[in-house]
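Residue numbers (UniProt numbering): 1 to 557. Report on the following structure.
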């Protein structure tokens, strides 16, 4: 087997980080290691390659450790499996190989034993009769002793098994008593509380050849955009009727938005973020190559925006649609004039990569960074109009509430915070999560929304596998939603604010009742989920997966 090169190992780690959802870490590694210059065809590397290699190494060690060898008869460098076999064969095939080689060795050992037995018999026949009789008598006594010993061993094993079962029963009862006595909420049993969404009721959109990181419904019509690590975005036309394989007379129409010319394995062209303008006529995509691209709803490339010197992580249109905002690894944010498609202003305040940007109104916005800082900026101003200091680690996401009064932020420091332009210190500091918080979302409720009579809520999604719902008037925790079993990467409120969709690396999409804090429906996919989103009517939900697919399902209660 050839030696694994540093470039190949870097690529495997890069892919592992992508597949695990560590998007920022993956981009940083890819940028610094020059992954796109390595000439490795990413489409030829299967998902989970690094994990597979590590697992196979462990399986190899385990197989070897469980193999009984006669050291005197085996060469020191003997191995049941060759390294190339470990990499290229499945576990079942490896086990068959081990069995086969064990049989071959056993046969060889038996043949050697038969030869030795024959020699002993010949020697035995040469002995005097009395000696042969003593040998026979000794052999019979030995057989009786062995029989007695095995019966005692069996009795002993039975006693041990009874003791083990008794201990397990006691432990189980104790565990149940502890659960009842512990008070407080316990993780929800999804299978009991949730209605399963059948795969036959889901439309699976296939075509991407790598992980799908982003998806967004058009604010008008039935178009769904998706962005992938295969250097393409796609615009899908989703029929108005019911979803599901049996309901679709023909596959949904699709426009492929290629971000490359020629080679399809240019990792520098990965689509990292996308956003529709308010009218649904233009789609903006951000790419790993630092370029923003503007597309028509028919998939025609309208503009390419050059100025960033690193991957673009966030891209947002303002409500009016006359400006587009981008944030990049090059530490800057740029406002683009959508009439001329020229750079209106570049903001260079952060000392590390810009991770997220969000408009407050048509002229001012906020940015956050791995430098743990949050800046509020305004077009025409050369310095930030506000700086929020308080997070102790990189700030992953920021979102203004519907009125632009409060800014929510979440960080790798395990906290979510709410800030106001009226003060420097955060208004609320939410510390109930036990791991990094990846994203946050405001509910479309309260003043300034279509649901003014419902209270404003904030949802936070964390690597601790929970989602927490916060009531922001008093700054208190309403619900801790514990239905996922792995990091949660995306949450989205329904347009009426009554439901919350969540997607996790555990391959499950849950739909929660916001009012009751419980799971109503669950869809189990076949890959980690990076993003979930609702259409404008709240009748369909889309989710993008690490297995290269996008799934669309109906929602009715």
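Ideal placement from N, C-alpha and C gives every residue a C-beta, glycine not left out. A quick note: this is a predicted structure, and the numbers were derived from the prediction, not measured.
Taken through DSSP and simplified to helix, strand or coil, residue 11 comes out as helix.
Counting along the chain, residue 23 sits inside the alpha helix (DSSP H) bounded by residues 23-33. Following the DSSP letters along the chain, one finds residue 533 inside the beta strand (DSSP E) bounded by residues 529-534. Taking all protein chains shown into account, residue 352 has fewer than 16 neighbouring C-beta atoms within 10 Å of its C-beta and is therefore exposed. Residue ranges of uninterrupted beta strand (DSSP E) with 3 or more members, entirely inside the segment 355-408 and ordered along the chain, are 364-369, 374-378, 386-388, 395-400. Separation of residue 464 and residue 22 (C-alpha to C-alpha, rounded to the nearest whole angstrom) is 14 Å. Scanning the segment 190-222 for uninterrupted alpha helix (DSSP H) segments of 4 residues or longer gives 190-193, listed from N- to C-terminal end. Separation of the CB atoms of residue 257 and residue 237 is rounded to 14 Å, and the pair is thereby denied contact status at 8 Å. Judged by their CB atoms, residue 280 and residue 219 are nearer to each other than the 8 Å cut-off.
Within the same chain, 323, 335, 336, 337, 379 come within 7 Å of residue 344 by CB-CB distance, once the 5 residues on both sides are set aside.
Distance from the CA atom of residue 447 to the CA atom of residue 425, rounded to whole angstroms, is 24 Å. When the Cα atoms are used, residue 208 and residue 550 turn out to be separated by approximately 9 Å.
A residue is called buried when at least 16 other Cβ atoms come within 10 angstroms of its Cβ; residue 444 meets this threshold and is buried.
Judged by DSSP in its simplified three-state form, residue 510 adopts strand. In this structure, the alpha-carbon of residue 108 lies about 18 Å from that of residue 96.
Counting every other CB atom within 10 Å of its CB across the protein chains shown gives residue 277 a total of 16 or more, marking it as buried.
In the displayed model, residue 113 falls within a helix according to three-state DSSP. Judged by beta-carbon spacing, residue 400 lies within the 8 Å limit of residue 358, meaning their Cβ atoms are closer than that value. Take the alpha-carbon of residue 356 and the one of residue 40: they are about 30 Å apart. DSSP places residue 554 inside the beta strand (DSSP E), whose first and last residues are 550-554. Rounded to whole angstroms, the separation of the alpha carbons of residue 329 and residue 33 is 15 Å. Closest in alpha carbon position to residue 522, among 515, 539, 502, is 502.
With contacts defined as CB atoms closer than 8 Å, residue 488 and residue 513 fail to qualify as a contacting pair. Shown here, residue 106 sits in a helix according to DSSP, grouped into three states. Beta-bridge analysis with DSSP links residue 232 to 258. Residue 286 carries a strand assignment under DSSP once its states are collapsed to helix, strand and coil. The residue from 479, 7, 372, 402 with its alpha-carbon nearest to that of residue 390 is 372. Beta-carbon to beta-carbon, residue 226 and residue 215 are separated by about 5 Å, close enough to satisfy the 8 Å threshold. Taking a 10 Å sphere around the C-beta of residue 327, we find 16 or more other C-beta atoms and assign the residue as buried. Beyond the five residues adjoining it in sequence on each side, residue 396 comes within less than 8 Å, by CB distance, of 24, 355, 356, 368, 410, 411, 412, 436, 437, 438, 439 in the same chain, given in chain order. Across the structure, residue 252 and residue 533 are spaced so that their CA atoms are roughly 18 Å apart. Membership of residue 275 in the beta strand (DSSP E) is indicated by the continuous run 271-276.
In summary, residue 385 is exposed, with fewer than 16 beta-carbon neighbours lying within 10 Å of its beta-carbon over all protein chains present.
At the C-beta level, residue 432 and residue 480 come within 8 Å of one another. Between residue 441 and residue 472, the gap from beta carbon to beta carbon reaches 8 Å or more. By the neighbour-count criterion, in which 16 or more other beta carbons inside 10 Å mark a residue as buried, residue 361 falls on the exposed side.
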